[in-house]
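Residues 1 to 482 (full-length UniProt numbering) are what the sequence shown spells out, left to right. Just so it is clear, CB atoms sit at the ideal spot from N, CA and C, and this is done for glycine as well. Please read these numbers as outputs of a predicted model, since none were measured by experiment. Read through the structure below, which is laid out as structure tokens, and then see the notes.
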Amino acid sequence: MSPLQSPEPAPAPADDQLPALGQRFSSVSSFKLQTYRALGASPSTFGGSSKRALVRCRLTTLSTEYALNQKGANCTWLVSANNRGCDGELEVAVDRVCLVHTCPETCRPAYAVEDLPDLERKISKMEDRVRADEENARPVARAADEPAAASAAPSSSTATGAARTAPAPAPRRGGGRKLRRKAPVNYKVADRLDLGELLADGPSKELYPPANKLKDQISQINGIVRKPARGQTFTSSSVLFATMHAYAQQNNFHVYRGTQANNLDRVSIVCRRWHPRFEDSRPGRCPVQFDAERDDDDSWRLVNVKLEHTHDLDGARAASTADSVPASQGPSKRARHEAPSPQPRQKPLAAPDPSTPVSRDTSALADKPHAHPTPPWTGAAPHGPAPPRASSSSSSAPSPAPSADLLAFLSALYSPAVAADRSSALARAGISTAKHVALLLDLEPSVLQVADDEMRLRDGDFGRTWSLVDVQQAMREAYGAK
């Protein structure tokens, strides 16, 4: 016989342990209370009723970047309870237990600290519900313990053979959103009815449709949705919600219907970070809110508009994206993150004077401060392989020729053929005089290697077998510089 069909419940663990398979609880609230206490983090409670409940890992409902594992499936951690096979009307037994997390292990401790205030509120709320359930069950227990003499007193019920029993407590709502009746509602007639009767019929879900019911209307909105303004009217609630969802999508945030939208004549649409869960986090709850009221002709009018976010929207400040173009027309968040920081373009060096005599004396370098000068090739560094450089015969702008002093300076270090080749390459990089080559001694080899790599990318000279570091090393060996 399975644990759910056994009349004897499983031994109840301590309050700080998760419910065991087959363990029974007096109500859904008591099941959730023990689960919350043992979990230690804010859970994700899916829609249920007074006879069933499902508690899952919170990372299941977050973004796919953290909630999904490498295979693309949601976190498998869950604990559920059901009324099947139980004797009491509100009694539930644990029917599913899976305590294996498939979400990233490094994310759970961080969210556990963030969710601690929200978890304490949930535990306090469940404790109040459990106490209310116990108070409702006390009249039944007192009636069962009444002496037989009291039940034998003459009454109309005993005269007809009926036994007197205490009234059963009314079932409590289990926390999920459950519509009692899904019949279509005439809102013009509903305006004249009592508000309690309206909420019992559940027309608010049809009057305030969720985003997944408005996909077609949102996709039909073309162009940029302008910033909502106070006094703006909409023909119906569907048009109102579709416009607000489209505006939020184009400005990189999300909205949903506020919890105070139980009134059929007024609705509040708030930012996703308006939820009380973000109250104790930085920078707190977002104040963005759109309040609309329904007029006599069933149109909706905005009576309150707050558009100043207190958090970042997809990497950009909210103030700069309040009335901007859609995110699809600009660079993505990853592209903005990987974009290099702008660097000032350096002025080209002056052309050398051919009549200037070549000086091989390096004592002048000692008089200069040993600061790393900015070489001319770091002005506008490309970020990717450049196309091969065209030859001087096919290009309209020929490459600059090396100066005589540069060629003479390198001829003292290399053979004439090698000196001519390297002087031409250095001239293309903007190093056109012997004085410029001598400045290479002040640079670190690591910095010089980066500059050499940038030269190869810019000029497409990937077949070159020497580098600027080799030139620096040759000068140090020739002149004894350290």
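The C-alpha of L443 is placed about 9 Å away from the C-alpha of Q472.
Contact between the region 212 to 222 and the region 237 to 253 is present: 3 or more CB-CB pairs across the two stretches fall below 8 Å. Counting every other CB atom within 10 Å of its CB across the protein chains shown gives S50 a total of 16 or more, marking it as buried.
Distance from the CA of F278 to the CA of R464, rounded to the nearest whole angstrom, comes to 58 Å. Residue nearest to H275 within the set R257, V267 and R266 is R257 (criterion: CA-CA distance). Inclusion of L441 and S423 in the CB contact set at 9 Å is not warranted, their separation being larger than that value. Ranking P402, M455 and Y414 by CA distance to the CA of H436 puts P402 first. The beta carbon of Q17 lies closer than 6 Å to those of A38 in the same chain, with the five residues before and after it left out. Non-local beta-carbon contacts of V97 in its own chain, meaning distances under 6 Å to residues more than five positions away in sequence, involve L21 and V79 in chain order. As a beta-bridge residue in DSSP terms, A81 pairs with A53 and V94.
Residue pairing from DSSP places N304 in a beta bridge opposite D291. Excluding its 5 nearest sequence neighbours in each direction, V305 has C-beta neighbours in its own chain below 7 Å: P228, A229, R230 and F290, listed in chain order. Counted as a single uninterrupted DSSP element, the beta strand (DSSP E) harbouring V255 occupies residues V255 to R257. In this structure S415 is exposed. Its beta-carbon is surrounded by fewer than 16 other beta-carbon atoms within 10 angstroms.
P19 is positioned such that its CB atom lies no closer than 9 Å to that of V130. In the structure shown, D298 adopts coil according to DSSP, grouped into three states. Counting along the chain, the unbroken alpha helix (DSSP H) around V447 starts and ends at P445 to D459. In the DSSP assignment, S403 falls outside any alpha helix (DSSP H) and carries neither an H nor an E.
When rounded, the separation of the alpha-carbon atoms in N136 and L90 is 12 Å. Beyond the five residues adjoining it in sequence on each side, Q449 comes within less than 6 Å, by CB distance, of V469 in the same chain, given in chain order.
Measuring C-alpha to C-alpha distances from I218 to each of L54, D295 and S238 identifies S238 as the nearest.
Look at V267 here: in three-state DSSP terms it is strand.
In this structure, the straight-line span from the alpha carbon of S446 to that of N222 is close to 53 Å.
Residues L33, Y36 and R37 of the same chain have their beta carbon placed closer than 8 Å to that of I123, with the five preceding and five following residues left out of the count. The beta carbon of D265 is closer than 7 Å to those of E293 and R294 in its chain, skipping five residues each way along the sequence. Comparing alpha carbon positions, the residue from R282, T310, L413 and H311 closest to D115 is R282. In this structure Q23 is buried. Its beta-carbon is surrounded by 16 or more other beta-carbon atoms within 10 angstroms. Taken atom to atom, the span from the alpha-carbon of T102 to that of S27 is near 29 Å.
Distance from the CA atom of R84 to the CA atom of A53, rounded to whole angstroms, is 12 Å. In this structure, DSSP gives D118 a helical state, which the three-state scheme calls helix.
Around the Cβ of Q220, a 10 Å sphere holds fewer than 16 other Cβ atoms; the residue is exposed. R24 is bridged by DSSP to A93. As a beta-bridge residue in DSSP terms, F234 pairs with W300. In terms of Cα proximity to P43, the closest of N251, P210, D118 and L410 is D118. If you draw a straight line from the Cα of C271 to the Cα of Q249, it is about 11 Å long.
Per DSSP, reduced to three states, the secondary structure at W274 is helical.
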